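Trainee: Residue numbers (my numbering): 632 to 930.
The beta carbon of each residue, even a glycine, is placed where N, CA and C say it ideally should be.
All values derive from a computational prediction rather than experimental measurement.
Encoded as structure tokens, here's the structure I'll be asking about.
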Amino acid sequence: MAAGRTLTGQSGGAARVALFGRGVRALADALAKLGVEVLLAEDPALAEYTGDGYVQAVRGLLESTKPRLLLVAHTAEGYDLAPAVAGALDLPLVTNAVGLRLDGDRLVVTRRLLNEKVQAEVEIGSDRTIVVTIRPGSVKAAGPAAGGTVIPTAVAVDATKARTRFVRIERPMVQDIDLAAADVIVSAGRGIQKKENLPLVEEFAKAVGGVVGASRPLTDMDWLPKTRQVGQSGKTVRPKLYVACGISGAMQHVAGMKDAGLIIAINTDPTAPIFEIAHIGFVADVLKLLPATIKELRA
Ligand SMILES: Cc1cc2nc3c(=O)[nH]c(=O)nc-3n(C[C@H](O)[C@H](O)[C@H](O)COP(=O)(O)OP(=O)(O)OC[C@H]3O[C@@H](n4cnc5c(N)ncnc54)[C@H](O)[C@@H]3O)c2cc1C
């Protein structure tokens, strides 16, 4: 929504949100508080996500509203839905965007390729709706604004045409914190040496009002759940403060956190790549610096 609002700020159009489901009026009202027009399409066939059902619903909505751009979250459902819609209606599609801007009447989409090694800008001019999936966390979240409304919208979904059927949701055994929503993240890397040092990182995170994230080796070794992993194959985060404790700064890690507001890195190796993106760097032993800092914070 934030990305849509920024673009319409430039183009002069209106950003609208389409919400599909059943019994989701409360969610529509919450979205409207962000100052947008919410097109609420409720239908029993949309209660749970199925590719075929949602494509029908989105198709109907696109035909009646004819937007210039359809933004879809780059989530497991989003990257199932967006190509299916683009394919069904023969629309241009760009996936996994991390940034969007207008250049005259052309849309310029930034995306990352080849395991995040390359950043590409894709320019599209089209008189048809452009479909783009945008990576969650890549844009600063939208804040509350006035003027939002909810507009109940009818969509035709023929459930008999859906080839897939929702069976059940299997939730993870352990529910964990939502790392992407945290303002302060203190991440531990292999530099913390052993699992027994994790409580130190947790204590420091608590002292600065944050939560603990991790580099991949730590979640691979099961020191922390997978939900805490920051990076290309983990979460993309955009906290106000990110403290990297004993993390080398491999590109796959950096891909998930480089847009944090303030990055502080602690590493014994002055040549560690993390210092290239850190705003503040400490060449120090994290196992000594953290206890000393906790002591100072308490004092
Ligand atoms: C396809 C693919 C996807 C990947 N996805 C991810 C991902 O999502 N997230 C991710 O994190 N990684 C990912 N990786 C792994 C990534 O390439 C790195 O291997 C990983 O990020 C390294 O983790 P690290 O920095 O904790 O460990 P290391 O690279 O081993 O770095 C440890 C650092 O700690 C420092 N250190 C040691 N002792 C201390 C001390 N006492 N005090 C302070 N500093 C100390 C060292 O100088 C070193 O810089 C992926 C790799 C591949 C191939």
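With DSSP run on the structure shown, which of helix, strand or coil describes Thr902?
Mentor: In the three-state DSSP reduction, Thr902 falls in the coil class, being neither helix nor strand.
Trainee: Give the straight-line distance between the Cα atoms of Ala646 and Gly779, rounded to the nearest whole angstrom.
Mentor: Cα-Cα distance, rounded: 11 Å.
Trainee: Put Arg859 into one of helix, strand or coil per three-state DSSP.
Mentor: helix
Trainee: Three or more beta-carbon pairs under 8 Å between the segment 662-669 and the segment 727-734, yes or no?
Mentor: Counting Cβ pairs under 8 Å, fewer than three are found: no touch.
Trainee: For Glu747, name the three-state secondary structure that DSSP assigns.
Mentor: Coil.
Trainee: Between Leu671 and ligand 1, is there a pair consisting of the residue's CB and a ligand heavy atom that are separated by less than 7 Å?
Mentor: no
Trainee: Put Val798 into one of helix, strand or coil per three-state DSSP.
Mentor: coil
Trainee: Could you please give the first and the last residue of the uninterrupted alpha helix (DSSP H) stretch that includes Glu833?
Mentor: 829-838
Trainee: Rounded to a whole number of angstroms, what is the C-alpha to C-alpha distance between Gly691 and Val786?
Mentor: So the two alpha carbons sit approximately 6 Å from each other.
Trainee: Taking 8 Å as the threshold (C-beta atoms), are Ile878 and Gly841 in contact?
Mentor: Going by C-beta atoms, Gly841 is not nearer than 8 Å to Ile878.
Trainee: Tell me whether the segment 759-766 and the segment 646-656 touch, counting them as touching only if at least three CB pairs, one residue from each stretch, are closer than 8 Å.
Mentor: no
Trainee: What are the partner residues of Ile894, as DSSP defines its beta bridges?
Mentor: Tyr873
Trainee: Since Ala891 and Pro870 are thought to touch, with beta carbons under 8 Å apart, how far apart are those beta carbons, to the nearest angstrom?
Mentor: 5 Å
Trainee: Considering only the beta carbon of each residue, do Ala886 and Gln860 sit closer than 8 Å?
Mentor: no
Trainee: What is the DSSP secondary structure of Ile808, reduced to helix, strand or coil?
Mentor: coil
Trainee: Just to confirm the assignment, what range does the beta strand (DSSP E) spanning Arg690 have?
Mentor: That residue, Arg690, is in no beta strand (DSSP E); its alpha helix (DSSP H) goes 682-696.
Trainee: Taking the straight line between their C-alpha atoms, what separation do you get for Thr795 and Ala688?
Mentor: 15 Å
Trainee: Using 8 Å as the threshold, is the segment 690-709 in touch with the segment 818-838, meaning 3 or more CB pairs across them?
Mentor: no
Trainee: Excluding the 5 residues flanking Glu833 on each side, which residues of the same chain have their C-beta closer than 7 Å to its C-beta?
Mentor: Val843
Trainee: Where does the unbroken beta strand (DSSP E) through Ser846 begin, and where does it stop?
Mentor: No beta strand (DSSP E) contains Ser846, which DSSP labels as neither H nor E.
Trainee: State yes or no: is the C-beta of Ala896 within less than 8 Å of the C-beta of Ala881?
Mentor: It is not a contact, given that the beta carbons lie outside the stated cut-off.
Trainee: Compare the beta carbon distance of Val740 and Leu731 with 8 Å and say whether it is the shorter of the two.
Mentor: yes
Trainee: Closest to Arg737 by CA distance: which of Pro775, Leu638, Asp900 is it?
Mentor: Leu638
Trainee: Indicate the three-state DSSP secondary structure (helix, strand or coil) for Val868 in the structure shown.
Mentor: coil
Trainee: Please state whether DSSP places Ile878 in a helix, a strand or coil.
Mentor: coil
Trainee: Does the Cβ of Phe797 have 16 or more other Cβ atoms within 10 Å, making it buried, or fewer, making it exposed?
Mentor: exposed
Trainee: Let me check understanding here. Comparing Cα to Cα, which of Ser757, Ala707, Leu745 lies closest to Asp721?
Mentor: Ser757
Trainee: In the DSSP assignment, find the unbroken beta strand (DSSP E) run with Val648 in it and report its ends.
Mentor: 647-652
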